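To convert a position in the sequence shown, counted from 1, into this note's numbering, add 14.
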Amino acid sequence: MCGIFFAVSTKDQRRPSLFEDGLSSNIAPFSYSVQLSEAQISAVTSKNLSAETKLTSAHKQKIENLQRLRALHVELNKWKNARNSAKAAEIEQQMTLLSVEDPDEKPGQDYNHTDSSIAKIMARGPDYAQYSEMSQKNNRFQFFSSVLSLRQPFTSQPIHIHDCVLQFNGELYNGDCIDSNDTELIAEKLGSALDSNVSREDAILTVFASLDGEFAFVLTDLQDEKVYYGKDYIGKRSLLYTVNENAFVAASVLSGHENTQETEASCIHILDLRTYDIQKVSYASIWNKHPSENAVFLECILPGTKDLDVDSQVEKLHLHLSQACAVRQHTIHPLHNSSGDVELGVLFSGGLDCTVLAGLLAENYTKDHKPATIDLITVGFENPRTGFSPDQSPDRQLSLRSWFELSKAFHGTCVTFRLVQVNVAYWEWLSHKARVLDLIYPRATEMDLSIAIAFYFACRAEIGDSLTVCSDIRDMGWSDFDIDSMATRVPDYTSRAKVLFSGLGADELFGGYSRHENIFNDLTESSSEASINEKYGELSASLVHDINVIYERNLGRDDRVMSSWGKELRYPYLDNGVVSFIINSIEPELKVGFEWVTQVTKKREKRCKKFTRKVLLRRLAEKLGFPLAASEIKRAIQFGAKSAKLEVGQSKAKGTDAL
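Structure, rendered in structure tokens:
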């Protein structure tokens with residue numbers, strides 16, 4: 015994984031203050047270049063983190079008022095239960111006054127927007143960083159790349175090849191680079207393509223369209239005066255950009271720049287350096303011209319077009335997901351790796367998606383007879399508004415059950431599951447909130463913050479209790495499991511896993527949201543098969559749309575916050591082959607199912623639809639031996655971790671409210 019910052023302008027650009035005193039070295043074709051060691055990167059990122067997470071005086075006042083707020087909260091509940099609205103309103107007013115924050119007061123910031131962005135990009139790649147400048151004709155260029163080396167041999171960036179400068183962030187899973195460095199593969203492919211008899215533009219587009227993985231890139235063609243930038247087809251890495259008539263900036267993180275946009279996935283962008291106009295070339299058009307085994311064409315599978323052979327579809331899904339996990343497991347080769355380091359972790363709520371993922375990862379390790387410990391990282395927040403502690407969050411309770419289920423299924427194998435319980439105190443949430451808002455920019459709603467900050471602290475994975483099963487639980491049920499005597503608890507544990515696996519994408523592929531159920535609202539018990547099929551057709555179209563926009567709704571934002579700790583996210587559910595199989599080959603009836611049941615109320619009986627979301631994924635969970643996870647309902651991370659509405663007076667806040 016890497017961090018990217020690229021800027022070009024027809025005007026002179028100020029050198030970031032971070033590099034003004036650097037030791038310049040001559041690295042062709044750059045006129046000025048500074049390389050930073052791991053120690054220098056650590057010093058810069060630590061200073062930036064400290065500056066951006068400093069508690070303000072208003073924050074400190076809030077913390078001092080916590081005990082009083084908690085007492086008032088108890089009193090508020092008492093008056094609400096007594097249905098005394100006047101007294102309850104009076105208490106709420108007192109609580110609001112105790113939690114007022116000066117909106118203009120911000121933590122001390124030593125950097126301007128560009129310096130702050132570069133420091134955050136540096137944090138993404140703690141192993142190496144290089145800043146370079148050059149001029150050509152009317153344009154002034156700035157390149158900055160940071161590297162988290164997970165594929166050997168180590169390769170520095172940016173790379174100069176055939177009059178091009180390459181900045182690449184991500185991981186490739188093409189068959190010819192599984193055991194080598196993927197950045198070197200791109201350089202080799204570009205070299206061969208640019209030496210061929212096709213146009214430079216056609217050569218470059220074809221190379222990037224042939225890649226399979228999770229990536230973002232910027233390629234500057236100095237000969238043709240063009241800048242190519244984009245992401246993989248799904249858009250699993252952050253790449254923001256802003257442009258005007260004489261300047262362009264693209265970066266993994268771009269705090270505070272006006273008119274910043276998330277780079278659209280499913281196409282490659284071409285900036286003309288003579289006019290600063292941008293052209294988009296879709297991956298589909300490139301694949302139609304140059305067929306690729308990694309092409310992704312999503313078609314809405316219609317209901318009734320295939321026999322519902324559920325067992326066969328479960329087997330196929332198992333195979334596709336297992337392969338997607340395996341290729342991501344086999345490409346973890348950190349630059350520094352001691353024998354005690356955990357290879358990977360899973361962002362773990364205990365829900366269906368991540369439990370299946372953890373099971374598949376463990377299954378692959380057992381097939382390879384490779385001893386491994388998998389960190390299951392769960393996060394919970396102290397919530398002064400409700401008085402809940404992190405241990406009371408729904409995810410904390412659910413994660414214990416699913417950890418037990420995984421440990422039971424793989425007891426006696428070469429795989430150990432370590433449950434890492436990350437607790438986030440209210441003061442930590444306050445001190446890091448401004449930094450998270452900077453990272454998620456240009457996303458800026460209450461929901462964006464509450465989701466992102468949960469992922470942010472989960473990826474930090476610091477100073478939590480860790481639990482590992484130490485007894486034989488193979489014949490034991492959850493109700494018989496005694497955690498105090500049957501598990502080893504280690505306090506103040508910090509996960510060292512550099513690669514984290516995420517279950518993101520499962521809801522978009524299998525219909526995991528309430529909006530997918532709502533498609534069927536108009537159906538009655540007497541609705542015709544044609545009407546039902548029409549609704550399933552709408553569901554298929556909705557799921558394709560969800561995948562097409564996931565880069566903007568989730569992936570860019572989440573990548574920016576999670577990678578800020580120098581860790582890399584991998585998404586097996588969003589593997590090209592997995593996405594194509596689920597969208598194109600799994601019937602919509604096996605994604606969202608429903609049946610008519612009789613619901614008994616105090617007044618009467620009524621018939622209603624009972625939905626099952628992610629039907630086939632639940633069947634896979636049952637096959638893997640996880641019946642508890644298979645029956646669990648969907649809960650969004652901001653509610654499962656209780657990272658939403660932490661402030662007193664936020665009880666009526668909406669997720670779509672702007673911050």
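Think of the CB as a built atom: it goes at the ideal place given N, C-alpha and C, for glycine as much as any other residue. Model, not experiment: these values are computed from the prediction.
Query                                                                                                                                                                                     : Result
Okay, do the stretch 149-160 and the stretch 20-39 touch, 3+ Cβ pairs below 8 Å being the bar?                                                                                            : yes
Can you tell me where the alpha helix (DSSP H) holding residue 326 begins and where it ends?                                                                                              : 324-343
Can you round the beta-carbon distance between residue 640 and residue 419 to whole angstroms, since I take them to be within the 8 Å contact cut?                                        : 5 Å
Identify which residue in 515, 397, 429 has its Cα closest to the Cα of residue 377.                                                                                                      : 429
Indicate whether residue 55 and residue 140 have their beta-carbon atoms separated by less than 8 Å.                                                                                      : yes
Could you name the residues of the same chain whose beta carbon sits closer than 6 Å to that of residue 576, not counting the 5 residues immediately before and after it, in chain order? : 469, 473, 583
Cβ atoms of residue 464 and residue 507: under 8 Å apart, would you say?                                                                                                                  : no
Check whether the stretch 587-599 touches the stretch 323-336, taking contact to mean three or more Cβ pairs, one atom from each stretch, closer than 8 Å.                                : yes
Nearest-angstrom Cα distance between residue 356 and residue 287?                                                                                                                         : 45 Å
Do residue 580 and residue 266 count as a contact pair if the criterion is CB distance below 8 Å?                                                                                         : no
Please report the distance separating the alpha-carbon of residue 513 from that of residue 359.                                                                                           : 6 Å
Could you tell me how far apart the beta carbons of residue 130 and residue 269 are, in whole angstroms, since I believe they sit closer than 8 Å?                                        : 5 Å
Does the beta-carbon of residue 278 have 16 or more other beta-carbons within 10 angstroms, so that it is buried, or is it exposed?                                                       : buried
Decide if residue 124 is buried, meaning its Cβ has at least 16 other Cβ atoms within 10 Å, or exposed.                                                                                   : Per-residue confidence for residue 124 stands at a pLDDT of 47, beneath the threshold of 50, marking its modelled position as unreliable; the derived number appears in the next sentence. Exposed, by the Cβ-count rule.
In this structure, what does DSSP give as the bridge partners for residue 148?                                                                                                            : 155
For residue 89, which of 101, 78, 79 has the nearest alpha-carbon?                                                                                                                        : 101
Can you tell me the Cα-Cα spacing of residue 235 and residue 206, whole angstroms?                                                                                                        : 15 Å
To which residues of the same chain is residue 632 closer than 8 Å at the C-beta, ignoring the five residues directly before and after it?                                                : 366, 626, 644, 645
Excluding five sequence neighbours on each side, which residues of the same chain lie with their C-beta closer than 7 Å to the C-beta of residue 41?                                      : 47, 146
To the nearest angstrom, how far is the alpha carbon of residue 10 from that of residue 285?                                                                                              : Past the edges of the chain, shown from 15 to 673, lies residue 10, and the structure says nothing about it.
Please classify residue 226 as buried or exposed, where buried requires at least 16 neighbouring CB atoms within 10 angstroms.                                                            : buried
Mark residue 368 as exposed unless 16 or more other C-beta atoms lie within 10 angstroms of its C-beta, in which case mark it buried.                                                     : buried
Please specify which runs of the beta strand (DSSP E), each continuous and at least 3 residues long, are wholly inside the stretch 472-547, giving them in chain order.                   : 478-483, 501-507, 513-515
Is there contact between the stretch 554-562 and the stretch 481-488, where contact requires at least three CB pairs shorter than 8 Å?                                                    : no
Who pairs with residue 559 in a beta bridge, going by DSSP?                                                                                                                               : Answer is none; residue 559 lacks a bridge partner.
Across which residues does DSSP place residue 173 in a beta bridge pair?                                                                                                                  : 180
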